[in-house]
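Protein chains in written order, with the working numbering: chain A, 35 to 278; chain B, 35 to 278. Idealized CB from N, CA, C, for every residue including glycine.
There are 2 protein chains.
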Amino acid sequence: MRNIKMIIEYEGTNYHGFQRQHNGLAVQEVLEDKLSFLAGEKVTLNSSGRTDAGVHARGQVVNFFTSSKISAWKLSLALNNLLPDDIVVTSIEDVPKSFHARYSAKSKRYCYYIWNSSFPSVFWRKYALFFPRKLDLPIMQEATQYLQGEHNFTAFCNGKSAVKSFVRHVTALEIRKDEHLLTVDIEANGFLYNMVRIIVGTLVEIGVGKKEPGDLKKIIASQDRKKAGFTAPPEGLFLQEVKY
Amino acid sequence: MRNIKMIIEYEGTNYHGFQRQHNGLAVQEVLEDKLSFLAGEKVTLNSSGRTDAGVHARGQVVNFFTSSKISAWKLSLALNNLLPDDIVVTSIEDVPKSFHARYSAKSKRYCYYIWNSSFPSVFWRKYALFFPRKLDLPIMQEATQYLQGEHNFTAFCNGKSAVKSFVRHVTALEIRKDEHLLTVDIEANGFLYNMVRIIVGTLVEIGVGKKEPGDLKKIIASQDRKKAGFTAPPEGLFLQEVKY
Chain A
35 MRNIKMIIEY EGTNYHGFQR QHNGLAVQEV LEDKLSFLAG EKVTLNSSGR
85 TDAGVHARGQ VVNFFTSSKI SAWKLSLALN NLLPDDIVVT SIEDVPKSFH
135 ARYSAKSKRY CYYIWNSSFP SVFWRKYALF FPRKLDLPIM QEATQYLQGE
185 HNFTAFCNGK SAVKSFVRHV TALEIRKDEH LLTVDIEANG FLYNMVRIIV
235 GTLVEIGVGK KEPGDLKKII ASQDRKKAGF TAPPEGLFLQ EVKY
Chain B
35 MRNIKMIIEY EGTNYHGFQR QHNGLAVQEV LEDKLSFLAG EKVTLNSSGR
85 TDAGVHARGQ VVNFFTSSKI SAWKLSLALN NLLPDDIVVT SIEDVPKSFH
135 ARYSAKSKRY CYYIWNSSFP SVFWRKYALF FPRKLDLPIM QEATQYLQGE
185 HNFTAFCNGK SAVKSFVRHV TALEIRKDEH LLTVDIEANG FLYNMVRIIV
235 GTLVEIGVGK KEPGDLKKII ASQDRKKAGF TAPPEGLFLQ EVKY
């Protein structure tokens, strides 16, 4: 048996998230169907983690075991031929049997885009939160320091998660602006459910003066979801990279 | 009567170009219909020029005369509410009666995007030419010098144009690369039919070694369309800005 690692790019707009499920088409289902057809055997994917409905990925990572003899390169070309336009394999390689897309991951990086202009953008409408009110960038940038480092992020997690610990280490958090486009770039050793989207929603509330940067200390300490900001919508979120 | 200038952004994918026509829906038709409804009178747009089917715009400029009393700002908000997602007004202002979107224009700037990677991009598939063969960027950049300045661009024009002169002045031509994305950025006092797309096609042929930079001198002098390169497809082309 071979273990194959792939990097996948997808536009999440038309999918019910990455993970295979009953109530709608998921990216995983499309990939597994085409792979199983090419390999001539049932293929099951491990992924670095799920992404929600509407969330995009530039660097989702998956691995799978197969007895197929097709070279990795040929498999990627055949797969891209069969896949719909909104899913692409951008890298493929044979890896040691011990590699697991989820358990071997050291950290993940996400980008969240905000289109901050009086007018929406035709080209970013499916890839950014459209936010017409003025955002105070320096204040938002000041706020990022309170989120960096190791914290209990319970206040930034939706729903009841079955996770053992709510402590995560945010290793990088940066906000850039290029004309009307704001990019929140965040890396951590792991993320809780909706964590990036709640962090972005909270930073936006700080950017309009509804909250202050220093409030983040209290929000984190409260471990209370209601104290943090709104959950930013999925279309602005991109899983950028998984590091091993 | 007031004269109103607007800047329009649109994704050309679903339109038969900018200019109103009989065989398909054009951006102009959508804009004129909504504007006429809001102004309560028939509105006819002047534009900086047509764009072909599938071509996009970040900065198409139009003007129109109206006796409507609605403030420009309110008109833009109402218009954006009525317009489909792929057309947006990004700027609006009252201008002197002498202003004409086409005849007052001093120069135009276009961008053409090429996705130069072994794998297509999910996010650029509708906005770039996907070109998997390796392109020699320095050679293409060297070639741009031959196209800058005032030349007779007959060799870079498709079909029989009714224009008086084929002489155009290319005031800027630059090729940038950011990872897999190549951007051809070109400004001129005017463009012939398909001129940018033929220039890009010719630069691509130079980038793969099919033509040499120095060939451009002969191609220009020949005034023969068959000597230049292929016409790059419309989806990579953006009308970026019209200067007055």
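How big is the Cα-Cα spacing for residue i and residue j?
i	j	result
S110 (chain B)	S102 (chain B)	13 Å
V238 (chain B)	I209 (chain B)	11 Å
I253 (chain B)	Q179 (chain B)	14 Å
F153 (chain B)	P118 (chain A)	14 Å
K277 (chain B)	I41 (chain B)	11 Å
N228 (chain B)	H185 (chain A)	57 Å
L79 (chain B)	H134 (chain B)	10 Å
F98 (chain B)	A255 (chain A)	58 Å
D128 (chain A)	I104 (chain A)	11 Å
F158 (chain B)	T217 (chain B)	The question names Phe, but residue 158 (chain B) is Trp in the sequence shown. Cα to Cα, W158 (chain B) sits roughly 12 Å from T217 (chain B).
T100 (chain A)	W107 (chain A)	15 Å
S132 (chain A)	H90 (chain B)	47 Å
I126 (chain B)	K260 (chain B)	42 Å
I240 (chain A)	A206 (chain A)	19 Å
G263 (chain B)	S141 (chain B)	24 Å
R202 (chain B)	N114 (chain B)	35 Å
I232 (chain B)	D86 (chain B)	13 Å
R84 (chain B)	G193 (chain B)	15 Å
V234 (chain A)	G224 (chain A)	16 Å
V96 (chain A)	P267 (chain A)	25 Å
E66 (chain A)	G88 (chain B)	33 Å
The ligand ADP heavy atoms versus the CB of residue i: any closer than 7 Å?
i	result
F190 (chain A)	With respect to small molecules bound, the structure shown includes none, and the ligand ADP cannot be examined in it.
Taking all protein chains shown into account, do 16 or more other C-beta atoms lie within 10 angstroms of the C-beta of residue i, making it buried, or fewer, making it exposed?
i	result
S82 (chain B)	buried
K68 (chain A)	buried
Y137 (chain B)	exposed
Q94 (chain B)	buried
M174 (chain A)	buried
G243 (chain B)	exposed
L59 (chain A)	exposed
A196 (chain A)	exposed
K76 (chain A)	exposed
K251 (chain B)	exposed
R167 (chain B)	exposed
K198 (chain B)	exposed
Leaving out the 5 sequence neighbours to the left and right, which residues in its chain are closer than 7 Å to residue i when beta-carbon positions are compared?
i	result
K211 (chain B)	L171
N57 (chain B)	H50
V61 (chain A)	Y44, Y49, F52, I121
F164 (chain B)	W149, P154
V230 (chain A)	Y144, Y146, I220, L271
A112 (chain A)	L72
P130 (chain B)	N37
A177 (chain A)	L237, I240, P247, L250
Which chain A residues sit within Cβ distance under 9 Å of residue i?
i	result
N80 (chain B)	Near N80 (chain B) there are no residues of chain A at all, since even the closest Cβ is about 21 Å away, more than 9 Å.
V201 (chain B)	Ordered by position in chain A, no residue passes the 9 Å Cβ test against V201 (chain B), which lies about 34 Å from the chain.
Who are the near neighbours of residue i in its chain, counting only those whose CB is closer than 8 Å to its CB and skipping five residues on each side?
i	result
H214 (chain A)	W149, N150, S151, S155
F200 (chain A)	N186, F187, T188, C191, L226, Q257
K160 (chain B)	E45, T47, E269
R36 (chain A)	F99, T100, S101, S102, D128
G74 (chain A)	S102
K116 (chain A)	Note that residue 116 (chain A) is Leu in the sequence shown, not Lys. Same-chain partners within the cutoff: K68, F71, L72.
A162 (chain A)	Y147, I148, W149, S155, L215, E269, G270
G248 (chain B)	Y180
Residues of chain A with CB under 8 Å from residue i, in chain order?
i	result
N114 (chain B)	F153, P154
Within the same chain, show all residues whose beta-carbon is closer than 6 Å to that of residue i, passing over the 5 residues directly before and after it, in chain order.
i	result
V204 (chain A)	L181, Q182, A222
R92 (chain A)	E43, F272, Q274
K245 (chain A)	E239
E63 (chain B)	R54
L169 (chain B)	N150, G241
T265 (chain B)	N228, R231, I232, G235
T124 (chain B)	I41, E43
Could you run through the segment 117-137 of chain B and flag, in chain order, every residue whose CB is less than 9 Å away from some CB of chain A? Listed by position along the chain: D119, D120, I121, V122, V123, T124, S125.
Would you list, in chain order, the members of the segment 41-62 of chain B that have their beta-carbon closer than 7 Å to a beta-carbon of chain A? Of all residues in the segment 41-62 of chain B, E43, Y44, E45 have a Cβ within less than 7 Å of some Cβ in chain A.
Any residues in the segment 152-181 of chain A with a beta carbon nearer than 8 Å to a beta carbon of chain B? Which ones, in chain order? Residues passing the 8 Å Cβ filter: F153, P154, S155, V156, F157, R159, Y161.
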